[in-house]
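Chains F and A, in that order, give the protein sequences. Residue numbers for the first sequence follow this note's numbering, so the first one is 4 and each next one is one higher. Residue numbers for the second sequence follow this note's numbering, so the first one is 4 and each next one is one higher. C-beta: ideal position from N, C-alpha, C; glycine also. Quantities reported herein were computed from a predicted structural model and do not represent experimental measurements. To keep things clear, I will list the structure first and then write my remarks on it.
There are 2 protein chains.
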Amino acid sequence: MSRQNRTSELKSRVLSAALNRFTETGIERTNVGDILEDADCSVGSLYHHFGNKEGIAEALFIQGSKQFNQNLLDALLRHNKAEPGVKAIVTWCCQWVTEQPKLAAYMLSREIKLSEQAKLEMRELDQSFREALIRWFAPRIESGELKNLHFNVYVPLISGPTLEYSRMWLTGRYTRSPDTIAKVMAEAAWQSVREV
Amino acid sequence: MSRQNRTSELKSRVLSAALNRFTETGIERTNVGDILEDADCSVGSLYHHFGNKEGIAEALFIQGSKQFNQNLLDALLRHNKAEPGVKAIVTWCCQWVTEQPKLAAYMLSREIKLSEQAKLEMRELDQSFREALIRWFAPRIESGELKNLHFNVYVPLISGPTLEYSRMWLTGRYTRSPDTIAKVMAEAAWQSVREV
DNA sequence: GAAAAAACTAGAATAAAATTCTAGAACTAG
DNA sequence: CTAGTTCTAGAATTTTATTCTAGTTTTTTC
Chain F
4 MSRQNRTSEL KSRVLSAALN RFTETGIERT NVGDILEDAD CSVGSLYHHF GNKEGIAEAL
64 FIQGSKQFNQ NLLDALLRHN KAEPGVKAIV TWCCQWVTEQ PKLAAYMLSR EIKLSEQAKL
124 EMRELDQSFR EALIRWFAPR IESGELKNLH FNVYVPLISG PTLEYSRMWL TGRYTRSPDT
184 IAKVMAEAAW QSVREV
Chain A
4 MSRQNRTSEL KSRVLSAALN RFTETGIERT NVGDILEDAD CSVGSLYHHF GNKEGIAEAL
64 FIQGSKQFNQ NLLDALLRHN KAEPGVKAIV TWCCQWVTEQ PKLAAYMLSR EIKLSEQAKL
124 EMRELDQSFR EALIRWFAPR IESGELKNLH FNVYVPLISG PTLEYSRMWL TGRYTRSPDT
184 IAKVMAEAAW QSVREV
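Structure, rendered in structure tokens:
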């Protein structure tokens, strides 16, 4: 195997070990030594690739954001009409949380303090996500299918209830998994943004 | 001043110093030494009262939850009709986040790993909050003002979008403060739970 | 109201953990 | 081929959290 491959495998092992530890024990309480052991990685390699423990947390967060944005858009862009599009976002969120509870718990429950470098990267991600959303939403607002609101409120309105519910489920405070309430959440989201 | 008073002042100083540091730098990166200095407290006292750094985080979280639940209920119980009640929750959330951004950032952005002791306390808090909510909601569901849904979805439906928006604002990703969009959020929340 | 127990404060000492450093191996480009 | 770069390794160090011992103040008990 090429070094490039071995290296990228090592990094994945570290990220995956870190995700497990972070979600089980919290970032604070997981020590680098445990990640090292789980991932079969040396101190030197880890610090070479990630800088420090927070660098791992940051890399996980950015990776997760990319995946989240990409998959949400994939689900949305399949639809042309407002109602199925909006509902698809909600349904996809419910599935995502239920199927990848660890990643979801990580993404939904921690606000990572990002380095300046990472902030820039996130800003770009946010920016292009926002633009893609606008391309889908604008015509449906024009056409009168959707209420005309300040743009930044659409995503919270549509995904907010589901994500909030998910947080409660992920921390054991609710017992029904999000995918079992997808229909209800989708309908409610639609009612909250449709033009009346 | 009595010792009781001095002690409780010391604890408040620690909590307040910790909140500042935690929200500015993150729990991970704030060190106990900084809190000690800000709060003018000795190592021994801090560990006597809080056990360890996470004990501080935990105390803050529980204090914040109590305040959140209490104030939300206060806002809600002023109203009898479903529509103004639901809207009052949203409006209050917007205010709370805007007025106490540090506490809100702390409460909304961190899932604290609680000790068993604290988990019990939270469970009781959750339980009595839930019961109080049911007392208000049940009659309005009966009367047909509100859709009849699985009970755990009402709170996420009503406050989810606002809290999700708030997270974005608190982390600098949106610029308009929540209180400026309260009306829109309140109307949308109402549409999502009203019987049609 | 004296004696004993409990709560609290203080900071030095210790333990635990993160991070740096030095050295060498593996690869890459000129 | 060789000079530079990336990567691995783990020992050494630094940083930080936590424990411990001792003394003080307050409360309780008899």
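- Ranked by how close their Cα comes to the Cα of residue 136(A), the residues 104(A), 11(A), 89(A) have 89(A) in first place.
- CA-to-CA, the gap between residue 102(A) and residue 64(A) works out to about 18 Å.
- Scanning chain F for C-beta atoms nearer than 7 Å to the C-beta of residue 30(A) yields 31, reported in chain order.
- Residue contact check for residue 155(F) against chain A: a CB pair falls below 9 Å.
- In the structure shown, residue 32(A) adopts coil according to DSSP, grouped into three states.
- Residue environment analysis places residue 142(A) among the exposed positions, since fewer than 16 neighbouring C-beta atoms fall within 10 angstroms of its C-beta.
- Using a Cβ-Cβ cut-off of 9 Å, residue 50(A) does not count as an interface residue toward chain F, since no Cβ of chain F sits closer than that to its own.
- DSSP places residue 133(F) in the helix class (H, G or I) of the three-state scheme.
- Comparing C-alpha distances from residue 182(A) to each of 39(A), 99(A), 176(A) shows the shortest one belongs to 99(A).
- Contact check for residue 196(A) and residue 160(A): beta-carbon distance about 5 Å, within the 8 Å limit, so the pair qualifies.
- Around residue 174(A), the beta-carbon contacts reaching into chain F at under 8 Å are 114.
- Interface residue (Cβ-Cβ distance to chain A less than 9 Å): residue 147(F) is not classified as such.
- For residue 63(A), the enclosing alpha helix (DSSP H) covers residues 56-80.
- Interface flag for residue 17(A) against chain F is unset, since no Cβ pair is found closer than 9 Å.
- Sequence-distant partners of residue 74(F) (beyond 5 residues in either direction) whose C-beta falls short of 7 Å from its own C-beta, in its chain, are 95, 99.
- Taken through DSSP and simplified to helix, strand or coil, residue 149(F) comes out as strand.
- Residue environment analysis places residue 45(F) among the exposed positions, since fewer than 16 neighbouring C-beta atoms fall within 10 angstroms of its C-beta.
- The beta carbon of residue 162(A) sits closer than 9 Å to some beta carbon of chain F.
- Considering only beta carbons, no part of the segment 69-88 of chain A lies closer than 9 Å to chain F.
- Looking only at 58(A), 51(A), 11(A), the smallest Cα-Cα distance to residue 21(A) is reached by 58(A).
- In summary, residue 122(A) is exposed, with fewer than 16 beta-carbon neighbours lying within 10 Å of its beta-carbon over all protein chains present.
- Inter-segment contact for the segment 74-83 of chain A and the segment 35-44 of chain A is absent: fewer than three beta-carbon pairs are separated by less than 8 Å.
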